[in-house]
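J.:
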Amino acid sequence: MNADNSTQSDVAQRLDHEKNILRMSQMYRTLTRSNRAIAHDRERGTLFSDICRIAVETGNFSMAWIGLLDKASGEIRTATQEGGDASMLQRQLEPATAAGAAIREGRTYICNDLSANTGPEPSPAIRGQARSMAALPLHENHDVAGALVLYTDEAGFFTPALVELLEEMAQDIFFAMQKLADDEKREAMAQALRESEERWSFALDGSGDGVWDWNTQTNQMFYSSGYWNILGFAPGETDASVEDFDARMHPEDKPGVLDSTVQLFRGELPDFCREYRLRCKDGSYKWVLSRGKVVSRSADGQPVRVIGTIEDITVRKSAEANLQLAAQVFQRSSEAIIVTDRDNAILSVNPAFTGVTGYTPDEVIGRNPRIFSSGRHDRAFYQKMWGSLLTTGHWHGEVWNRRKNGDIFPEWLSITAVHDDSGQVSHHIAIFSDIGEIKRAQTDLQLAAQVFESSSEAITITDHDNRILSVNRAFTEVTGYTPDEVTGRNPRMFSSGRHDRAFYQKMWNSLLTTGHWRGEIWNRRKNGDIYPEWLSITAVRDDSGQVSHYIGMFSDISEIKRTEERIHQLANYDALTGLPNRDLFQERIGVAISSAQRNRSPLALLSLDLDRIKQINESFGHAAGDQLLKVVAERLREIVPAQSAGTHHGGDVFHILLPGLDMEGAGHMAQSIINDLSQPYLLDGNEVMATPSIGISVFPNDGTETDVLIQNAEAAMFRAKGSGRRGYQFFAPEMNARSLQRMTLENSLRRALEQEEFLVYYLPQADLKSGQVVGAEALLRWQHPEMGMVSSQVFIEMAEESGVIVPLGEWMMRNVCRQIQAWQQAGVRAMPISINISFRQFRQFRQIEDILRESGINPFLLEIELTESTIMHDVEETAQVIHRIKQHGIRVAVDNFGVGYSTLAYLKRFHIDKLKIDQSFIRELVDSADDSAIVRAIISMAHSLRLEVVAKSVETQKQLDFLKALNCDQIQGYLFSEALPPEDFATLLLEEKRLA
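Take 82 as the starting number for the sequence shown in the numbering used here and just add one per residue.
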């Protein structure tokens, strides 16, 4: 019997264990489906319905419902129910039930035997249909918001493990409710924001105002359609950028706007509010009222986003200006003004009224103007006056009136009737002035007019704005212009172009400070002839001290100038050659030495002797020798710079003064003179040769006084004659050796080009994003047979000066094109190769076109590099040549950017593709705040113009990391690779070396 009982007990335990496993499996499936619903559902009602349905379907509960607490009434209201019937919930909605206990106490309530329940009382309906129940509190915002109640028809159903899973599901529901509540708040806020933005946009569109939005981090601007409408543009028609905004702002308004912007950014102003002018599409300016506010700042307090509006206030500003002008006219007018009402009672008078009549405003306001009557006019006079006022609305004429002191005076009076909106007269405005002085002056004026017309000197009278009012007969005789052709025009129409701005500034400064100016000036007649005149200008001021007129009196001094010129020429210039004579030349040397001493600059003096002049005189006569000296003088004038001077020192000797040239520069100039003067001369049909010998002395090493420099230059010249013809010698012996060395190197350079001693190396350029090699710069190297490999830094300048740079550049271009072809045939990845060309080669672009046509390579594989000094040498010519280059498909880059003086406007005009930042900024990039700021600005500026940026001479990892942070596009330098010969560069590409 005991054995049977034990067996039965084991079976029961096993069945209970299997049942518990089944229950837990069902609960895990229920929990899984519930979590899916929690993740999927977006509405609270849907979520509650899915939870209860899943509990019944998967968890095999007989009923599941969710009750929510109404905080206002304290009642529990059904949110959803699944299973069972409505009668089961009659009392479950009351606070005293299990759901009420779970909500009130905030804890799980479990009843595993409803028939023996001692806790909250379930309804009879529930007792009849369920054996166990669980009420789990549901939280929202950390408060109990309701309960999930589950029923089952099995007693003892809710085990601790099962309850733990149910509480986990209740916690998941809590998180879902919290998320839904947050989503609902965000959606409500988003909807409110959308509605607010719609109302704001509607209001702004209706008002005609514009909106602007400035991202200070990216320096990007957004403008609304209202903003563009104000300026006359269609949206997107022009550039929406900070640069465009700055260019449109009136220059006078920029300082104030900048000051307010700085204060706003610093937080010194709560918002931005400023009136300023912007240039419209048609070129006119509009006044706008701009308001703005910083809406977001970075962690360090710097502004990130600024938004605001602009309002067109042009009409208001115009009205205000008109009112201010009218008030100023009334108060400052030199004419007396009276304003009366419709009954002709005086309402207001201006200050000039008191000055003319002697009456103060208090003495006349409210009275009739007849108090000023002189008694000289009869009734008919006044009837005619009022008749004109009534019919035409105005009257003017001469009238006699009486001052306060009894004096009778003549005045010029103008009366105007002012009408209201109904057309009735509301006011009269009378303007008058005392013309007694005018009448007295008329006689004087008639006399002055006679003097004006009969004067032998030309006379011009202008107003205070320098517009010509009158000219006399002598003016027409001198200039050829009639009065009608010049009246109303500015005297600058006579400008010859010989005087710079400083000349006229000095003239006007004298006029404004002293009231007069006199001096010699060159002007132009009507027929175009330029002539000298002696001009005297006097400023005429009115009683207030203001300039009212300018009187210019002048006479033609052409004949005087010609006489002076002849005297000057005879006194200072050589009659044969036209060069300065010895006295003038020595004077100029003295001036040049003083200047060199002040500026600590060099100065060279050349003494030149013509060989074979004696033989030419003996063979062809002294006339031929004189003709030769004239031709030599002409050639020297063409060779020697304009700031230099030369003299025929006598016989066959010339002296040449070269300010600013040191020994090296003087040697080059001497060689140029030798080359040019050694060319054949044609004298009376006979071709002759006359080679020069030149001696050179240099200040201050060879002397600091005129006589010493001349003496030493002549000594060096005699040494040159003694050492052989067609040569030059320095006074300093050591410079002779240096000059010989330079000449030797120049000859070696020319020979090297003929014997092809030059090599082309390729410096890779790597992309900072992909790390891939995307191009290379071609660099020239000289494989000297004795000195070995010579860097371009040593010989390029010499090649420029000697003219070898052009054929050398042509050789390099052909070599690079052939190399590109060879790489393509070998299967090496094609990429652009950049070549730095000189200014001379740049101007001879047809040569590059011929090379491209002959090679047949894709022009896209070539990139021309120009220095800033090259592109700015001649802006118009540069723009034309670059346009031709771009038409061929060749890319253009600016090398060593940042050390020159090009501007954004020029870069945009030239349509450059790439900027290469000069290595001087990269070298101290990490450690110098100035260099990092410059590099950052260059990259930002280049990207705003859609240009690529290459950093040169990158040698450290810190430099590379810094450039990546600044969004630089490419780098070149020893950090990635040194310049390589063609075969090594091809290997680098085939191995696909990348930037780490």
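The beta carbon of each residue, even a glycine, is placed where N, CA and C say it ideally should be.
(1) Might you give, ordered along the chain, the residues of its own chain that have their beta carbon closer than 7 Å to the beta carbon of C133, omitting 5 neighbours on each side?
(2) Mapping DSSP to helix, strand and coil, what is C1049?
(3) Given a cut-off of 9 Å, decide if H508 and S629 are closer than it, judged by their beta-carbon atoms.
(4) Could you work out which residue in A153, I191, L229 and A179 is closest to I135 when comparing CA atoms only?
(5) Identify, in the order they occur along the chain, each residue of the same chain with its Cβ nearer than 8 Å to the Cβ of E279, setting aside the five sequence neighbours on each side.
(6) Does the Cβ-Cβ distance between D515 and P491 come in under 9 Å?
(7) Figure out for me which residue from T297, A400, S455 and Q301 has the closest Cα to the Cα of G382.
(8) Please tell me whether S688 and I611 are closer than 9 Å, where the distance is taken between their beta carbons.
(9) Determine the direct distance from the alpha carbon of A903 to that of F1057, and round the result to whole angstroms.
(10) Return the first residue and the last residue of the beta strand (DSSP E) that T948 is part of.
(11) Buried or exposed: which applies to Y463, given that a residue is buried once 16 or more other Cβ atoms fall within 10 Å of its Cβ?
(12) What whole-angstrom Cβ distance do I918 and I945 have, given they're in contact under 8 Å?
(13) For V875 and R862, I'd like the C-alpha separation in whole angstroms.
(14) Skipping 5 residues on each side, what residues in its chain have a beta carbon closer than 7 Å to that of A1060?
(15) How is M816 classed by DSSP in three states: helix, strand or coil?
(16) Between the C-alpha atoms of A797 and D692, what's the straight-line distance to the nearest angstrom?
(17) Using DSSP's beta-bridge definition, name the partner residues of T319.
(18) Give me the Cα-Cα distance between D637 and L665, rounded to the nearest whole angstrom.
(19) Just the C-alpha distance for G287 and T159, rounded to the nearest angstrom, thanks.
(20) Given a cut-off of 9 Å, decide if G373 and L345 are closer than it, judged by their beta-carbon atoms.
(21) Please return the same chain residues whose Cβ sits closer than 6 Å to the Cβ of E858, not counting the five positions on each side in sequence.
(22) Spatial neighbours of E1036 within its chain, please: CB distance less than 6 Å, with the 5 preceding and 5 following residues excluded, ordered by chain position.
(23) Assign D581 to one of three DSSP states: helix, strand, or coil.
(24) Using 10 angstroms around the beta-carbon of D131, count the other beta-carbons present and answer buried if the total reaches 16, otherwise exposed.
(25) Among Q922, T189, S213 and I184, which one has its Cα closest to the Cα of S196?
(26) If contacts are defined as beta-carbon pairs under 8 Å, then P613 and K642 qualify, I think. What distance do you get, rounded to the angstrom?
(27) Could you pull the start and end residues of the alpha helix (DSSP H) that T395 belongs to?
(28) When burial is assigned at 16 or more other CB atoms within 10 Å of the CB, is W589 buried or exposed?
(29) So, for F353: in the same chain, excluding its five sequence neighbours on each side, which residues have a beta-carbon less than 8 Å away from its beta-carbon?
(30) For D97, count neighbouring Cβ atoms within 10 angstroms of its own Cβ and tell me buried if that reaches 16, exposed if not.
(31) Pull up the distance between the alpha-carbon of R448 and that of T435, whole angstroms please.
(32) What does the alpha-carbon distance come out to for the pair R483 and Y366?
(33) Give a yes or no on whether the C-beta atoms belonging to T438 and K485 are separated by under 9 Å.
(34) By alpha-carbon positions, which one of Q905, G869, S536 and F575 ends up nearest to T560?
(35) Is it right to say F839 is buried, meaning 16 or more other beta carbons lie within 10 angstroms of its own, or is it exposed?
(36) Quick one: what's M870 bridged to in DSSP?
T.: Let me lay it out:
(1) Taking the sequence shown and counting its residues from 1, one reaches residue 133 at position 52. Only A145, W146, I147, T161, Q162 and E163 meet the Cβ criterion.
(2) In the sequence shown, counting from the first residue as 1, residue 1049 sits at position 968. In this structure, DSSP gives C1049 a state outside helix and strand, which the three-state scheme calls coil.
(3) For this step, residue 629 is matched to residue 548 along the sequence shown. For this step, residue 508 is matched to residue 427 along the sequence shown. Cβ atoms of S629 and H508: not closer than 9 Å.
(4) Indexing the sequence shown from 1 puts residue 135 at position 54. When each option's Cα is compared against that of I135, the closest is L229.
(5) Counting from 1 along the sequence shown, the entry for residue 279 is found at position 198. Low confidence applies here, because E279 scores a pLDDT of 49, under 50, leaving its location unreliable and the question unanswered by this model.
(6) Position 434 of the sequence shown, counted from the start, is the residue given in the question as residue 515. Position 410 of the sequence shown, counted from the start, is the residue given in the question as residue 491. Result yes, Cβ atoms of D515 and P491 sit closer than 9 Å.
(7) Position 301 of the sequence shown, counted from the start, is the residue given in the question as residue 382. Nearest option by C-alpha distance: T297.
(8) Here residue 688 refers to the residue found at position 607 when the sequence shown is read from its first residue. Here residue 611 refers to the residue found at position 530 when the sequence shown is read from its first residue. No, these two residues do not count as a Cβ contact at 9 Å.
(9) Counted from its first residue, the sequence shown places residue 1057 at position 976. Counted from its first residue, the sequence shown places residue 903 at position 822. Cα to Cα, F1057 sits roughly 24 Å from A903.
(10) Numbered from 1 along the sequence shown, position 867 holds the residue referred to as residue 948. First-last of the beta strand (DSSP E) with T948: L943 to T948.
(11) Numbered from its first residue, the sequence shown carries residue 463 at position 382. Counting Cβ neighbours within 10 Å, Y463 comes out exposed, since fewer than 16 surround it.
(12) Indexing the sequence shown from 1 puts residue 918 at position 837. Indexing the sequence shown from 1 puts residue 945 at position 864. That pair is a contact at about 6 Å.
(13) In the sequence shown, residue 875 corresponds to position 794, counting from 1. In the sequence shown, residue 862 corresponds to position 781, counting from 1. Cα-Cα distance, rounded: 10 Å.
(14) As a working mapping, residue 1060 is identified with position 979 in the sequence shown. The residues Y842, Y843, L844 and L860, in chain order, have a CB closer than 7 Å to that of A1060 in the same chain once the five nearest residues on each side in sequence are set aside.
(15) Reading the sequence shown from its first residue, position 735 is the one you call residue 816. With a pLDDT of only 48 at M816, under 50, the local geometry of the prediction cannot be trusted, and the value read off the model is given with reservation. It is helical.
(16) Working through the sequence shown from its first residue, we reach residue 797 at position 716. Working through the sequence shown from its first residue, we reach residue 692 at position 611. Rounded to the nearest angstrom, the two C-alpha atoms are 15 Å apart.
(17) As a first step, residue 319 must be located in the sequence shown, where it is residue number 238. Among the bridge pairs identified by DSSP, T319 is matched with none.
(18) Your numbering for residue 637 matches position 556 in the sequence shown. Your numbering for residue 665 matches position 584 in the sequence shown. Their backbone Cα atoms lie some 29 Å apart in a straight line.
(19) What you label residue 287 is simply residue 206 of the sequence shown in a count that begins at 1. What you label residue 159 is simply residue 78 of the sequence shown in a count that begins at 1. Confidence is the limiting factor: at G287 the pLDDT is only 46, short of 50, which leaves the residue's position unreliable, though a coordinate-based value still follows. So the alpha carbons of these two residues sit roughly 50 Å apart.
(20) The count along the sequence shown starts at 1 and reaches residue 345 at position 264. The count along the sequence shown starts at 1 and reaches residue 373 at position 292. It is a contact, given that the beta carbons lie within the stated cut-off.
(21) Taking the first residue of the sequence shown as position 1, residue 858 is located at position 777. Apart from sequence neighbours up to five positions away, the residues of its chain that approach E858 with a beta-carbon distance below 6 Å are L844 and S915, ordered along the chain.
(22) Along the sequence shown, one-based indexing puts residue 1036 at 955. If we look at E1036 and ignore the five residues flanking it on each side, its Cβ neighbours are G1054, Y1055 and L1056.
(23) Here the question's residue 581 lines up with position 500 in the sequence shown. Three-state result, D581: coil.
(24) In the sequence shown, residue 131 corresponds to position 50, counting from 1. Burial call: buried.
(25) Numbered from 1 along the sequence shown, position 115 holds the residue referred to as residue 196. Between S196 and the set Q922, T189, S213 and I184, the nearest pair of CA atoms involves S213.
(26) Residue 613 sits at position 532 when you count from the first residue of the sequence shown. Residue 642 sits at position 561 when you count from the first residue of the sequence shown. At roughly 5 Å, the Cβ-Cβ gap stays under 8 Å, so P613 and K642 are in contact.
(27) Here residue 395 refers to the residue found at position 314 of the sequence shown. Its alpha helix (DSSP H) spans residues T395 to R413.
(28) Taking the sequence shown and counting its residues from 1, one reaches residue 589 at position 508. The residue is exposed, with fewer than 16 neighbouring Cβ atoms inside 10 Å.
(29) If you number the sequence shown from 1, residue 353 lands on position 272. S341, T342, L345, S371, R372, G373, K374, V387 and G389, listed in sequence order.
(30) In the sequence shown, residue 97 corresponds to position 16, counting from 1. Counting Cβ neighbours within 10 Å, D97 comes out exposed, since fewer than 16 surround it.
(31) As a first step, residue 448 must be located in the sequence shown, where it is residue number 367. As a first step, residue 435 must be located in the sequence shown, where it is residue number 354. R448 and T435 have their alpha carbons spaced roughly 15 Å apart.
(32) Working through the sequence shown from its first residue, we reach residue 483 at position 402. Working through the sequence shown from its first residue, we reach residue 366 at position 285. So the alpha carbons of these two residues sit roughly 49 Å apart.
(33) If you number the sequence shown from 1, residue 438 lands on position 357. If you number the sequence shown from 1, residue 485 lands on position 404. Yes, they are a contact pair.
(34) Along the sequence shown, read from residue 1 onward, the residue named residue 560 stands at position 479. Ranking Q905, G869, S536 and F575 by Cα distance to T560 puts F575 first.
(35) The residue labelled residue 839 in the question sits at position 758 within the sequence shown. So F839 counts as buried.
(36) Here residue 870 refers to the residue found at position 789 when the sequence shown is read from its first residue. Paired residue(s): Q864.
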